[in-house]
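Under UniProt numbering, think of the first position of the sequence shown as 1, with each following residue one higher.
Glycine included, C-beta positions come from ideal geometry on N, C-alpha and C.
Since the model is a prediction, treat every value here as computed from it, not as a measurement.
Right, one structure below, let's go through it.
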Amino acid sequence: MREITEIILKGIITLLILKSLDEEPKHGYELEKIIKEKLNYELPEGSIYVILKNMTRKGLIVPRIEKNNKGIEVKKYFITEKGKEFLKYHEEPLIAVKKVIDELIEYIQKRKEV
């Protein structure tokens, strides 16, 4: 059961990263904070960079070194066209999953009232 949860979570994290990068490029730490805030889930130390490396290898994102406002070089990640297509492709499955999740939450809440 734990494996299924991890697979689902990895998929959601990938889509959340792509959405974030589609809004604007970010560095790994920013993405890690977004994941923690949105999912109430803290990634194991360093695992954001493993995820980003895998996404880079798949051609979904691309890293670039840029200087921040203090003149320090930082690695920022940018979404690629392939990443945008990947995000768009998952719209329908996400809508279907959302519907099921909404039904499950409603059912569980009703059961609590009994």
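Practice task
Could you tell me whether the Cβ atoms of L39 and I17 are closer together than 7 angstroms?
Solution key: no
Handout entry: Simplified DSSP state of P44, which is helix, strand or coil
Key = coil
Problem - For P25 and F78, believed in contact at Cβ under 8 angstroms, the rounded distance - result: 5 angstroms
Problem - For I61, the residue or residues it bridges with in DSSP - result: I79
Exercise for the section: Return the CA-CA distance between I34 and I108, expressed in angstroms with no decimal places. Expected result: 28 angstroms
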